[in-house]
Amino acid sequence: MRRTGVYVCHCGKNIAGRMNVASLARWAGKLPGVTVARQAEHLCSEVGQELLRQDIRDQGLERVVVAACSPRMHEATFRRVVEEAGLNGYLLEIANIREGCAWVTTDPGEALAKAQALVAGAVARVARHRPLETRSVPVNRAVLVVGGGIAGLQAALRVAEAGHPVYLVEREASLGGNMSRFDRTFPTMDCAACTLSALMARVAEHPRIQVMCLSEVRRVEGHVGAFRVEVEERPRYVTSRCTGCGDCEEVCPVELPDPFNEGMTRTRAIGRPFAYAVPSYYRIRKTGEPACRAACPAGVNVPGVLALLRNGQRSRAAALLTEALTISSLAGGFCRGYCQEACGRETGEAGVDMPLIERQLAQLVEEAGHSGRSYHPAPAPRIAVVGSGPAGLAAARRLADLGFRVTVLERSHRPGGMLRWAGAGQVPALAVLEAEIERLGTLGVELVTGVTVGRGLPLSRLVRDYDAVVLACGAWQPRRLNVPGEDLPGVHHALPFLRELRAGRLRLAGRRVLVVGAGDTGLDLAVSAAREGASEVRVLDREPVRPGVRVLPPQKVPIRFYWGYRVTGFAVDKEEVLVQGSYSQAGHRAENLVADIVVIAAGQRPETGEMAGERLVVDSEGRLVADGRGRTPRQGIFAAGDVVTGGGSVPAALAAGRRVAEAVRDFLLAGPGARWEYSGPDTETVSGQRRGVDSAAGESIPQKQEKSWEGGSVQGPGEMTAVSGARSTRLRLSKTLPGEAADPLLREAARCRNCSGCAECGACAQACRAGAVNLTDAPRVSRLEVGAIILATGYQAFDPSIDRAWGYRYHPDVLTGFEFERLCSPLGPTGGRLVTSAGKEPAEVAVLHCVGSRDRRYHSYCSRVCCMAALKFARTVREQTEARVYELYVDLRATGKGHEDFLRRVQEEGVFFIRGRGTRVEARGERLLVRAEDTLLGAVRELEVDMVILCTAFEPRGDAEEVGRTFGVQRDADGFFLEAHPKMAPMETAHEGIFLAGACQGPKDITESLAHAAGAAAQALSFLAQGEFRVSPGIAHVEATRCSGCGICLAACPYEALVPAGGKVAVQEAVCRGCGICLPACPGGALSLLDCQEDALAAQVAGLLSGEVAWWGG
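Numbered by the numbering used here, the letters in the sequence shown go through residues 31 to 1144 in order.
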């Protein structure tokens, strides 16, 4: 048996006050293998440590068991003592009898019984411990500081001044954090901006600090001393060449709520975040792709067009529109208004009428004329465009503008392609088409009709006679449902039906019409039927109701929709058509419908069978295969429009035509010897996922479906409504523009909410004399290597709008602390004047403490800073006004240096203190009524005031969970990052090499945050000063003879410490944390922990169960 010493600690009365420690020591001395068993008042003290050293030397101890507090507290201390006495530090075992026994029961007998079991198990286990040795790895000198608030700035500066490189990562556009929005600081009432700006400037100018704003850490790998960090920097769109002259800000037409002033003012999309921001150069705010642009099949920059219109730059707005559509008049005439519908869904109001704007701007373009310029010497290359639909016409127009000689070949006797059948046959739209065809002739485009390429005219001849060929021959073959009765009389397909209707051979007046398919074609047919006098119009679609469907204009005859209805066949009874089918979402409930005329609008297929022999690729749906720029596998042949997509909208075809024309130009400019750069099929287009693909066959139009309809159509029949989901918003529409009432374009443009931030109109780039604006800037990824990481990610304020009782966002004079700070600041919305929303100085003000904190519904903890912040608010109100101030508090906690004096000064200034929580804020006329309990008087009080200030709780940032996962840092019960020990290691984490600074660890005021950050910096510097890191030997071990190399353990390891190696698995010793998660994952039992061997665990369990187990409930 090993010579073992057992040492029981009294821990003051923490242990000795709950059990008989002397009895435990005597009992332990009788265990097998125990040579000596002692008790001590404080084993962790110098006296207790010397006792261990002396016994190890004098008694010749080979193993040591310490029965005391948690190993998290002093395991490292006792391990060092054991090593100093000449024994291997890993021949030690800790029995936790404080947290595990003394603190979990009030029964001394139970505590002692469990302690005996734990000590017995520890003695049995330590006998099987093996000596282990630590290993050292070098440490990188650089430090990563995450967060540019007051704590991050302090930590970065302290580390840099010690001579270490620092990377300071901040997710916002400027350093400063939450403190940048403060007006003053307590208890001295100093200017917050003066204090902070000086510190920000020192950090920005320090040669060893690299500031990375608009950046976030995406990935952390490696281990303590050698972390590999991946940082993504979002584009600023303005380079460091910016001089801050402000020219760009003056011309920017986009106004957005200013987050620095809590949305109480508006600012331009380009500018500084605030006056003393660091970095000082400008940035452009973009908040993602707007719903209107995402919905547009051609990807038109709708916000840019509207912004330029608001700025009075109509010519540039028209140019931006033409840049995407080439023939904007056709887009205006045939536009479905997807953007308008998306805008309406996003805002809950009628969307901006973009088709109206398109038509008006197109007229402006035509009135201005064109100045096409050739890029080639005469004679210009010849290009054949097959098809005169929207794609073909757009390609021809763009190529003619570029100076090429263009011939358009159309198989019909009249050019126009599918445009002649689109738009429900509206006369204005057809007039626009005729005018555009005539205009092409004036540009020198040759139009040849009655020619069918592939039959009468071989494609090979076109390739021989022309320098390039563009195939835009559309999709004309009806897509069949392949159900019984599809060819019966009274059942029509869309295009043949339209031909019959236009020729006057088909009458709809007084007849019942049923349309199968709710795509663009189906909806056009339904509108046509209603206009032609049908007595009843119904539309079937196999898909459930979806928010992406178009809202139709009101008709005399209601158009009824049957969603989720799948047609299974047709039958004819006399002159009626019986439609057979069932509902897919109602248990496949069968229901037959009766109509006089049925029109199938299931989409179209291209007729490209003859193309397969021309070395072109045709897919199973008959579509030509082309890449994203319209290049086919055969050199010199391009394709665009429905012949590639199988069906789409007019704007999408116009954009495709322009895109393919640009590809033709690049091909011809490259010269005859250039390599044909076909890049493979455009899977986005071929799969039908490009915006605006026709949904007639039941395929939905891809939209941003963030909100669902309310009150729209339901399963089964029902009239379509134009009601869309609305959301509450604090944003207002753009300001009223001069001449808005008389100008419909300006009126519509002014309704844009700028929901995407920057509209990419280019006005700022044009105004910038330094050339600092780069609208095509892209995210950048940096890979850093650092030895230590300091997290200083800060906090966020509790949102009081969660509970309507506080009145926040329901009454404009109910403010949060941040809003009050901005209101009082010289840089705020009123220039520092404290006034109500009515512009009047308040006569009475109430300050509510503990909003969201010390409240079991939200946060049970105390935010610690709110009391002093509330006193600061009261002092500010009294300094600027003659208002009476009421402080509604739960308890006043003024524990910091100078805080009690500050409280006394505020009391002496006549502020009224009411002990009780404010329970409700509501309007009473033009004032606010605050109800509060007065616990000292035992009564409910009602106060009429002009302004209410809510002192909201400090809470973890919304991304704290994600950040914790990225860095491998745990969080406490309140959501803040968890320190290694609340007293002994408040800046350290369980993840070695990662430290905490500031309010990310818990609520702190500025003074405490600075001190905490300085401590974190000192901890990091102390660690880095060693130059090396000792790797714990308590890590995973692979028994190579039992490892099959299956790799199951690789996925189980949360730290990626296991890697494949020569058909087996190897352990990266510096990365492994010894968590043991990989052990049960290994099917072959090849993994073990060096300091937790299987035989030792078995012995410990046997020791635990060897005696009385009443403590366990047995």
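Cβ atoms here follow ideal geometry from the backbone N, Cα and C, with glycine treated the same way.
My guess is that H104 and C74 are in contact by the Cβ rule of under 8 Å, so how many angstroms apart are they, rounded?
Residue 104 sits at position 74 when you count from the first residue of the sequence shown. Residue 74 sits at position 44 when you count from the first residue of the sequence shown. Right, their Cβ atoms sit about 5 Å apart.
Taking 8 Å as the limit between beta carbons, can you name the residues of its chain near P519, skipping five residues before and five after?
Along the sequence shown, one-based indexing puts residue 519 at 489. Answer for P519: V602, listed in chain order.
Between which two residues does the beta strand (DSSP E) harbouring P138 extend?
Against the sequence shown, residue 138 aligns to sequence position 108. Counting along the chain, P138 falls outside any beta strand (DSSP E), though it belongs to the alpha helix (DSSP H) covering 138-156.
Taking 6 Å as the limit between beta carbons, can you name the residues of its chain near C278, skipping five residues before and five after?
Taking the sequence shown and counting its residues from 1, one reaches residue 278 at position 248. Within the same chain, C278 has close Cβ partners I300, C794, A797, C798.
Put R48 into one of helix, strand or coil per three-state DSSP.
As a first step, residue 48 is located in the sequence shown; it is residue number 18 there, counting from the start. In this structure, R48 counts as coil in the three-state DSSP scheme.
Does the distance from the C-beta atom of V169 to that of H194 stay below 8 Å?
Your numbering for residue 169 matches position 139 in the sequence shown. Your numbering for residue 194 matches position 164 in the sequence shown. No, Cβ-Cβ distance for V169 and H194 is not below 8 Å.
Any beta carbon of chain C sitting closer than 8 Å to that of L1117?
Included in the structure is just one protein chain, with no chain C present.
Looking only at DSSP bridge pairs, what is A601 linked to?
Counting from 1 along the sequence shown, the entry for residue 601 is found at position 571. A601 is bridged to L608.
Among A1091, C1105, E396, G182, whose alpha-carbon lies nearest the alpha-carbon of Y1085?
Along the sequence shown, one-based indexing puts residue 1085 at 1055. Closest option to Y1085, Cα to Cα, is C1105.
Classify E790 as helix, strand or coil using the three-state DSSP reduction.
Numbered from its first residue, the sequence shown carries residue 790 at position 760. Looking at E790 - three-state DSSP - the assignment turns out to be coil, as it is neither helix nor strand.
Which residue wins for smallest C-alpha separation from A231, given the options N291, P303, S310, L1119?
As a working mapping, residue 231 is identified with position 201 in the sequence shown. With distances taken between Cα atoms, A231 lies closest to S310.
Could you check where the beta strand (DSSP E) with V970 kicks off and where it finishes?
To locate residue 970, count along the sequence shown from 1; it is residue 940. It spans 969-975 - the beta strand (DSSP E) in which V970 sits, taken as one unbroken run.
With DSSP run on the structure shown, which of helix, strand or coil describes S166?
Stepping through the sequence shown from its first residue, residue 166 is reached at position 136. In the structure shown, S166 sits in a strand (DSSP, three-state: E or B).
Where does the unbroken alpha helix (DSSP H) through G422 begin, and where does it stop?
Stepping through the sequence shown from its first residue, residue 422 is reached at position 392. That run of the alpha helix (DSSP H) goes 420-431.
Can you check DSSP and say which residues form a bridge with N126?
If you number the sequence shown from 1, residue 126 lands on position 96. N126 pairs with A98.
Flag this pair as touching only if the segment 869-879 and the segment 909-920 have three or more C-beta atom pairs under 8 Å; answer yes or no.
yes
Note the first and the last residue of the continuous alpha helix (DSSP H) segment covering D829.
Residue mapping note: residue 829 aligns to position 799 of the sequence shown, counting from 1. Premise fails: D829 is in no alpha helix (DSSP H) and is neither H nor E.
Which residue wins for smallest C-alpha separation from L821, given the options F984, E605, A1047, P856?
To locate residue 821, count along the sequence shown from 1; it is residue 791. Residue A1047 is the option with its Cα nearest to L821.
Would you report the Cα separation of P409 and L336, rounded to the nearest angstrom?
On the sequence shown, position 379 is the one that residue 409 refers to. On the sequence shown, position 306 is the one that residue 336 refers to. Distance between the alpha carbons of P409 and L336: 41 Å.
Per DSSP, which residues does I413 bridge with? Please list them.
The residue labelled residue 413 in the question sits at position 383 within the sequence shown. Answer by DSSP bridge pairing, in chain order: V436, A498.
Rounded to whole angstroms, what is the Cα-Cα separation between L423 and A498?
Working through the sequence shown from its first residue, we reach residue 423 at position 393. Working through the sequence shown from its first residue, we reach residue 498 at position 468. If you take the alpha carbons of L423 and A498, they lie about 16 Å apart.
For Q184, is the classification buried or exposed, using 16 other Cβ atoms within 10 angstroms of its Cβ as the cut-off for buried?
Position 154 of the sequence shown, counting from 1, holds the residue named residue 184. So Q184 counts as buried.
Quick one: residues in its chain with C-beta nearer than 7 Å to the C-beta of V395, no 5 flanking neighbours on either side, listed in chain order?
On the sequence shown, residue 395 is found 365 positions in, with the first residue counted as 1. The residues are A348, T352, S358.
At 4 residues or longer, what runs of the alpha helix (DSSP H) sit wholly inside the segment 842-913?
847-854, 896-910
When DSSP labels each residue in this structure, what does L958 get in the three-state scheme?
Residue mapping note: residue 958 aligns to position 928 of the sequence shown, counting from 1. Three-state DSSP puts L958 in a strand.
If you measure between the beta carbons of F600 and V521, is that distance less than 8 Å?
Translated into the one-based positions of the sequence shown, residue 600 becomes position 570. Translated into the one-based positions of the sequence shown, residue 521 becomes position 491. Yes, these two residues count as a Cβ contact at 8 Å.
Could you name the residues of the same chain whose beta carbon sits closer than 7 Å to that of T295, not counting the 5 residues immediately before and after it, in chain order?
Taking the first residue of the sequence shown as 1, we reach residue 295 at position 265. Cβ within range, chain order: D288, P859.
From which residue to which residue does the beta strand (DSSP E) around I1024 run?
The residue you call residue 1024 lines up with position 994 of the sequence shown. Its beta strand (DSSP E) spans residues 1024-1026.
Starting from D571, follow the beta strand (DSSP E) in both directions and report where the run begins and ends.
For the purposes of this step, residue 571 is taken as residue 541 along the sequence shown, with counting starting at 1. D571 -> beta strand (DSSP E) spans 566-571.
Taking the continuous alpha helix (DSSP H) assigned at E260, which residues delimit it?
On the sequence shown, residue 260 is found 230 positions in, with the first residue counted as 1. It is not in any alpha helix (DSSP H) - E260 instead sits in the beta strand (DSSP E) that spans 256-263.
Taking the alpha-carbon of V1101 as reference, which of L244, F1059, G1092, A1129 has the nearest alpha-carbon?
Here the question's residue 1101 lines up with position 1071 in the sequence shown. Distance from the Cα of V1101 is smallest, within the candidate group L244, F1059, G1092, A1129, for F1059.
Round the Cβ separation of A505 and G660 to the nearest angstrom and send it over; I've been treating them as touching at under 8 Å.
Position 475 of the sequence shown, counted from the start, is the residue given in the question as residue 505. Position 630 of the sequence shown, counted from the start, is the residue given in the question as residue 660. A505 to G660, Cβ: 16 Å. No contact.
If I'm right that R688 touches T356 with Cβ under 8 Å, what's the distance once you round it to whole angstroms?
Taking the first residue of the sequence shown as position 1, residue 688 is located at position 658. Taking the first residue of the sequence shown as position 1, residue 356 is located at position 326. That belief holds up - the Cβ atoms of R688 and T356 are roughly 4 Å apart, short of 8 Å.
What do you reckon, are the CB atoms on F13 and Q1031 nearer than 8 Å?
Given that the chain is displayed from residue 31 to residue 1144, the structure contains no residue 13 and the question cannot be resolved.
Return the CA-CA distance between G419 and C503, expressed in angstroms with no decimal places.
Here residue 419 refers to the residue found at position 389 of the sequence shown. Here residue 503 refers to the residue found at position 473 of the sequence shown. If I take the Cα positions, the gap works out to 7 Å.
With a cut-off of 8 Å on the beta carbons, I'd call R171 and L1054 a contact; round off their distance for me.
Taking the sequence shown and counting its residues from 1, the one referred to as residue 171 is at position 141. Taking the sequence shown and counting its residues from 1, the one referred to as residue 1054 is at position 1024. Between R171 and L1054 a beta carbon distance of about 6 Å is seen, short of the 8 Å cut, so the two are scored as contacting.
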